[in-house]
Amino acid sequence: MEISVEALTKAQAEAELARLADLLAKANHAYHAEDAPEISDAEYDAARRRNAEIEARFPDLKRADSPTDQVGAGPDEGFGKIPHAVRMLSLGNAFEDEDVAEFDSRVRSFLGLPRNAPLAYTAEPKIDGLSLSLRYENGRLTQAATRGDGAVGENVTANARTIKDIPQQIENAPETLEVRGEVYMSHADFEALNSRHAERGGKTFANPRNAAAGSLRQLDATITAARPLRFFAYAWGALSAPLADTQMAAIDRLKQLGFQTNPLTRLCRSTRELIDHYTSIEAQRATLGYDIDGVVYKVDDLALQARLGFRSTTPRWAIAHKFPAETAWTRLGAIDIQVGRTGALSPVARLAPVTVGGVVVSNATLHNEDYIAGRDSKGSVIRDGKDIRVGDWVQVYRAGDVIPKVADVDLSKRPDDARPYDFPTTCPECGSDAVREEGDAIRRCTGGLICPAQAIEKLKHFVSRGAFDIEGLGARQIEMFFADETLPIREPADIFTLRERDAQNLARLKNRDGWGDTSAENLFAAIETRRKDIAFDRVLFGLGIRHVGEAAARDLARHFATWQGLEKALDRARPAAMAHRRADLAEETERRRATSEGRRARIKPMRETAFNIEPVEADALDSWNELIAIDGVGPALALSLSDAFANPRERASIDRLIALLTIQATEAPTDDSPVAGKTVVFTGTLEKMTRAEAKARAEALGAKVSGSVSGKTDLLIAGPGAGSKARKAADLGVEIIDEDGWIVLIGGL
DNA sequence: GTGCCTCGAGTTCC
DNA sequence: CTCGAGGCAC
């Protein structure tokens with residue numbers, strides 16, 4: 013018999029660790045290399061767990077070759093990255109009962125179900141912890157990954173193996189099964205852990221969620237083993253065989269496989285029942301023994317879930333009904349103005365520190381000028397029109413339990429001398445005029461690159477993750493280099509001349525505080541890696557041009573393929589862009605004049621006036637039209653892009669950068685779906701799926717769905733009752749198929 | 001002209 | 001995470 017871990021002497025523990033290390037190493041080798049396990053999975057798991065427990069009790073005895081540190085086939089370096097086979101998405105939120113009713117209507121209208129047709133949902137508590145994806149191959153746990161950004165998570169396999177609710181081995185499971193759920197800590201375990209830490213003078217956690225997060229993300233799995241983490245399973249990712257036909261049955265199946273599932277999961281047959289269950293869970297909230305922050309509703313029928321599919325970041329078939337956020341009152345000490353990369357002036361509330369939902373908050377966003385004054389962007393009254401003043405007592409909450417916001421003001425506590433806030437009309441960073449354009453909620457600094465705040469924020473954006481993502485050159489380093497006198501980085505091109513300038517400099521980087529030979533060389537090497545090989549869309553996104561985010565940059569890069577292609581198109585389109593800009597200005601001047609004269613003049617839309625002012629040559633017009641014909645690119649984006657390239661100062665900075673880089677041309681995505689890259693049009697009545705569903709499926713397969721038939725149309729799907737579109741398509745020689753043909757083409761419903 | 005939907009931009013705290 | 005606004009379909 014094994015001696016219990018608590019009873020082991022130190023010498024016994026040391027011998028035991030050696031034995032277990034040997035045993036597990038052999039078992040690992042047998043399993044991975046020879047595919048012939050020498051011990052049963054249960055024995056393997058028990059050995060692994062015992063090893064972790066002994067290490068937790070005698071941390072100083074932990075071996076250099078500790079099995080805890082070895083994950084599956086390879087060692088775990090820090091936290092490796094694991095791409096999710098099926099993306100881990102977040103959920104849409106509902107706050108009011110009406111939001112739940114709207115969710116139900118959205119689902120029904122997407123599926124083409126009448127209002128009174130039966131439609132069942134599951135409802136379960138939303139655990140406030142961290143989501144985790146567990147991969148089982150042939151019943152054995154092989155990988156555990158955090159959510160990460162949804163596409164790629166962190167490898168926390170060694171840590172997950174120490175959690176008792178997570179089985180190492182499951183029977184009668186599909187060959188491949190990814191189980192998803194929430195890691196959390198109970199209230200009781202959290203209190204005990206904190207008092208244990210407090211006794212030892214260690215740091216305590218602010219709340220169970222942080223404690224669970226901190227425990228799971230330990231590099232040393234023996235620490236995780238000593239922390240009382242738990243796990244509820246509620247979903248799945250990749251599967252080699254379906255678990256069940258319904259959500260409810262799938263959850264039952266997970267339970268049979270040995271996972272903990274939440275006992276408050278219910279099947280509900282109407283929004284009324286959903287709300288009732290929500291109310292019931294809310295009433296039990298305080299006595300559950302663990303934190304929850306709402307109730308999750310899911311369409312029960314998995315076939316319907318599949319039809320509903322996903323929007324860009326959330327599934328259409330589920331929603332989180334959140335409990336009202338916790339609020340707190342505190343005093344507003346000051347209002348500061350921050351200047352963003354596009355020059356936006358954002359007011360930030362400096363608050364007397366106050367605890368909201370287990371976190372101490374001392375800053376909160378005030379959105380914009382109108383929000384402070386008590387209006388929303390459309391001019392409607394908010395907070396009963398109460399404005400926010402320095403010195404006021406304000407109510408703070410954390411939107412989505414994350415972002416602190418000021419919700420309300422207590423007028424009865426307003427100091428006599430409190431004055432309405434005067435929003436600055438000049439930039440606090442550079443003194444340039446800060447202007448608010450017609451219809452815009454945001455006031456912006458007009459200083460452009462002259463404004464140090466804008467320059468530095470642009471640089472931070474340039475090195476950010478979606479752009480150049482240079483290791484060792486984050487926001488902190490950018491601030492440091494921006495202020496540097498001998499080795500400054502004031503614009504993106506400066507990054508790529510850093511090494512050369514450093515070499516010419518007496519005050520070398522490696523001799524500075526916090527820097528050495530290795531760190532300086534690592535930085536130069538990281539910069540060089542990106543300089544030699546960077547994707548076109550990343551460069552474009554990195555420039556930080558207004559309206560050009562990641563998606564738009566990708567679309568533009570795909571369309572133009574090369575930097576020179578884009579540059580030429582913009583230069584050619586410039587006269588048309590300038591005509592638009594002038595027409596814009598003329599329109600605004602006209603509106604001002606009309607308003608000042610007290611007339612309600614009817615203003616012509618921009619496009620009608622634009623070319624009345626100044627005819628533009630056909631070449632420029634063509635280029636402009638090519639630009640705004642790109643999916644997702646409209647006049648606002650095209651104008652902003654054109655402006656950036658037309659501004660001499662900005663263009664020079666861009667040219668200096670481009671001259672230093674080797675940019676990869678972008679190829680159109682290759683997709684093997686038969687409709688990928690095709691433009692398709694639906695007409696007539698679809699009987700097997702709704703319009704919205706057909707469109708979503710087509711887009712998911714890489715097709716572009718258009719509303720009208722033109723020369724660019726590749727395929728028309730015509731249902732019964734098709735009329736003029738079908739005739740036009742026939743005239744143009746466009747391929748026409750019926751709904752059944754379409755369903756065959758896309759590989760079934 | 002109106003109403004989604006997606007994307008961009010700005011934000012806090014650990 | 002949220003809000004605003006651009007883009008696009010209806």
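If you're matching positions, the first sequence starts at 13 in this note's numbering and goes up one per residue.
Idealized CB from N, CA, C, for every residue including glycine.
Just so it is clear, the structure is predicted and the values come from calculations on it, not from any experiment.
Check	Outcome
For glutamine 676, the three-state DSSP class (helix, strand or coil)	strand
Inter-residue spacing [alpha-carbon to alpha-carbon] between serine 685 and aspartate 726	14 Å
For proline 137 and aspartate 109, the rounded distance between their alpha carbons	16 Å
For serine 718, the three-state DSSP class (helix, strand or coil)	strand
Pairwise C-alpha distance: glutamate 449 and glycine 460	16 Å
Simplified DSSP assignment, three categories, for arginine 668	helix
Lysine 580 versus arginine 570: straight-line alpha-carbon distance, rounded	15 Å
As assigned by DSSP and simplified to three states, the class of asparagine 206	helix
For lysine 472, three-class secondary structure by DSSP	helix
Span of the beta strand (DSSP E), counted from its first residue to its last, around serine 652	Counting along the chain, serine 652 falls outside any beta strand (DSSP E), though it belongs to the alpha helix (DSSP H) covering 647-658.
Minimum C-alpha distance to proline 130 - residue among Leu316, Ile287, Arg159, Pro95	Leu316
Beta-carbon spacing of alanine 710, valine 687 below 8 Å	yes
Three-state secondary structure (DSSP) of glycine 556	coil
Cβ neighbour criterion (16 or more within 10 Å) applied to lysine 310	buried
Contact check, valine 112 vs threonine 283, beta carbons under 8 Å	yes
Whole-number beta carbon distance between arginine 566 and leucine 651, since they are thought to touch under 8 Å	Rounded, the Cβ-Cβ distance is 20 Å, inconsistent with contact.
For glycine 214, three-class secondary structure by DSSP	coil
Own chain residues within Cβ distance below 8 Å of threonine 188, not counting five before or after	Arg147, Tyr148, Glu149, Ala250, Leu251, Ser252
Aspartate 47 classed as buried or exposed, judged by whether at least 16 other C-beta atoms fall within 10 angstroms	Residue confidence is low: aspartate 47 scores 34 on pLDDT, short of 50, so the model does not pin down where it sits. Its coordinate-derived value is still stated next. Looking at its Cβ environment, which holds fewer than 16 other Cβ atoms inside 10 Å, aspartate 47 is exposed.
Beta-carbon gap between serine 143 and arginine 212 smaller than 8 Å	no
Given 8 Å, three or more beta-carbon pairs between the region 380-387 and the region 433-452	yes
For isoleucine 400 and valine 418, believed in contact at Cβ under 8 Å, the rounded distance	6 Å
Proximal residues to lysine 716 (C-beta, below 6 Å), its chain only, five neighbours per side dropped	Thr691
The alpha helix (DSSP H) enclosing aspartate 420, as first and last residue numbers	From DSSP, aspartate 420 is part of no alpha helix (DSSP H) but of the beta strand (DSSP E) over 415-421.
7 Å CB neighbourhood of aspartate 631 in its chain, flanking five on each side removed	Arg584
Where glycine 369 falls, given that 16 or more other Cβ within 10 Å makes a residue buried	buried
Segment contact flag, the region 163-176 with the region 117-129, C-beta cutoff 8 Å, min 3 pairs	no
Proline 95 and alanine 163 closer than 8 Å at C-beta	yes
Where aspartate 583 sits in the DSSP three-state scheme	helix
Separation of alanine 218 from valine 371, as counted between CA atoms	7 Å
Reduced DSSP category for alanine 42 - H, G, I as helix; E, B as strand; rest coil	With a pLDDT of 45 at alanine 42, under the threshold of 50, the modelled position of this residue cannot be trusted; read the value that follows with caution. It is helical.
Option nearest alanine 671 by Cα separation, candidates Asp643, Glu747, Arg543, Cys463	Arg543
One or two residues paired with cysteine 463 in a DSSP bridge	Per DSSP, none; premise fails for cysteine 463.
Per DSSP, the bridge partner or partners of isoleucine 729	Phe694, Ile749
Stretch-stretch touch, CB-based, cutoff 8 Å, three pairs: the region 199-216 with the region 173-183	no
Those runs of the alpha helix (DSSP H) which lie wholly inside the region 323-401 and span at least 4 residues	381-385
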